[in-house]
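Note sheet for the following structure.
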Amino acid sequence: MSRSAHKNPGKKSREPKEFEESVIQIDRVTKVVKGGRRLRFRATVVIGNKRGKIGIGIGKSHEVTGAIQKGIAKAKKDMIDVILDGTTIPHDIKLKYKAAKILLMPASEGTGIIAGGTIRKVLELAGVQNILSKSFGTTNKVNTTKAAFEALKRLKETPYMEKRKAKAAAAKAPKPVQKAPATSTPAPEAKKPVTENKQAPAKKPTTKPSADKKPAAKATSAKTDK
Numbered sequence: 047m048s049r050s051a052h053k054n055p056g057k058k059s060r061e062p063k064e065f066e067e068s069v070i071q072i073d074r075v076t077k078v079v080k081g082g083r084r085l086r087f088r089a090t091v092v093i094g095n096k097r098g099k100i101g102i103g104i105g106k107s108h109e110v111t112g113a114i115q116k117g118i119a120k121a122k123k124d125m126i127d128v129i130l131d132g133t134t135i136p137h138d139i140k141l142k143y144k145a146a147k148i149l150l151m152p153a154s155e156g157t158g159i160i161a162g163g164t165i166r167k168v169l170e171l172a173g174v175q176n177i178l179s180k181s182f183g184t185t186n187k188v189n190t191t192k193a194a195f196e197a198l199k200r201l202k203e204t205p206y207m208e209k210r211k212a213k214a215a216a217a218k219a220p221k222p223v224q225k226a227p228a229t230s231t232p233a234p235e236a237k238k239p240v241t242e243n244k245q246a247p248a249k250k251p252t253t254k255p256s257a258d259k260k261p262a263a264k265a266t267s268a269k270t271d272k
């Protein structure tokens with residue numbers, strides 16, 4: 047057994063969190079019922095992984111910690127993917143949410159996040175590093191946070207970004223290996239079995255002497271004396 051196990055037998059190893067959270071605002075909410083007033087807490091929480099994912103949630107509970115945990119759980123269910131152009135946003139966007147108005151504009155490398163308050167927290171958790179922003183109207187933190195969230199939600203890819211992604215994908219794709227053209231050799235013709243037509247030799251007709259005809263008598267060289 048290792049020494050660390052002897053030193054801290056009941057201590058659990060801390061795993062890195064997938065998302066970072068930021069509590070925007072905690073409010074006390076009272077509900078009037080027949081028996082009196084009930085005190086509850088409402089927590090507005092924003093979570094993000096600083097790589098393009100962000101969510102916002104509002105939780106209510108009788109305790110502050112319970113309200114924050116519920117807000118985090120709701121934010122994880124309402125996650126969105128923010129479209130980024132490197133370290134900034136692809137285009138300008140102006141949005142109004144209730145009485146809050148915000149304007150977001152892309153910025154060059156090295157500009158930083160020119161924003162304040164809750165808008166800055168939302169942009170940091172979304173992974174934006176260079177941006178210009180301006181807020182108009184109300185200073186309500188909850189409405190301003192939701193306005194920034196909705197603005198990031200409505201970002202779209204520009205044609206320039208699509209062309210650049212297509213070029214990058216084409217550059218990464220492996221080039222096909224060119225094979226030498228295969229020379230087609232004609233298949234050898236199947237040899238037909240040679241069949242020799244051997245004709246049987248013609249038989250000579252054999253003539254047998256007939257019984258009626260008698261063989262001719264041989265001529266005698268000696269002549270009979272007259």
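Residue 47 is where the sequence shown starts when you use this note's numbering, and the numbers rise one by one after that. We treat Cβ as the ideally placed atom computed from N, Cα and C, and that holds for glycine.
Suppose you measure from the CA of residue i to the CA of residue j; what does that come to, to the nearest Å?
i	j	result
ILE135	VAL78	45 Å
MET151	ILE104	28 Å
THR277	THR204	Because the chain is modelled from 47 through 272, residue 277 falls outside the range shown and cannot be assessed.
ALA216	LYS209	11 Å
VAL275	GLY117	Lying outside 47 to 272, the shown extent of the chain, residue 275 is not represented and no answer is given.
THR164	GLY82	35 Å
ALA219	TYR206	20 Å
ALA194	ARG88	20 Å
VAL128	GLY94	10 Å
ILE126	LYS80	41 Å
THR90	LYS96	19 Å
ALA145	GLU64	33 Å
GLU66	GLY183	29 Å
LYS199	ASP124	11 Å
LYS213	THR190	38 Å
HIS108	ASN186	23 Å
GLY156	HIS137	18 Å
SER154	ALA119	35 Å
LYS58	GLN115	With a pLDDT of only 49 at LYS58, under the threshold of 50, the placement of this residue in the model should not be trusted, and no figure is reported.
Determine the contact status of residue i and residue j, defining contact as a CB-CB distance below 9 Å.
i	j	result
ALA113	VAL92	no
ILE70	LYS167	yes
GLY158	GLN175	yes
VAL110	ILE160	no
ARG74	ARG84	no
SER68	LEU169	no
Considering only DSSP beta bridges, list what residue i is partnered with.
i	result
GLU67	ILE93
ALA145	Beta-bridge pairing links ALA145 to no other residue.
ILE114	ILE114 is not bridged to any residue.
GLY103	VAL91
LEU85	THR76
ASP127	LYS99
My understanding is that residue i touches residue j, with C-beta atoms under 8 Å, so please give their C-beta distance in whole angstroms.
i	j	result
LYS192	TYR143	5 Å
LYS106	LEU149	Actually they do not touch by this definition, with Cβ atoms about 32 Å apart.
ILE139	LEU178	So it is not a contact: roughly 12 Å between Cβ atoms.
GLY173	GLY98	5 Å
ALA275	LEU141	Absent from the structure is residue 275, since the part of the chain shown begins at 47 and ends at 272.
- Could you name each continuous beta strand (DSSP E) segment of 3 residues or more that falls completely within the region 130-191, going from the start of the chain to the end? 139-143, 146-152 and 177-183
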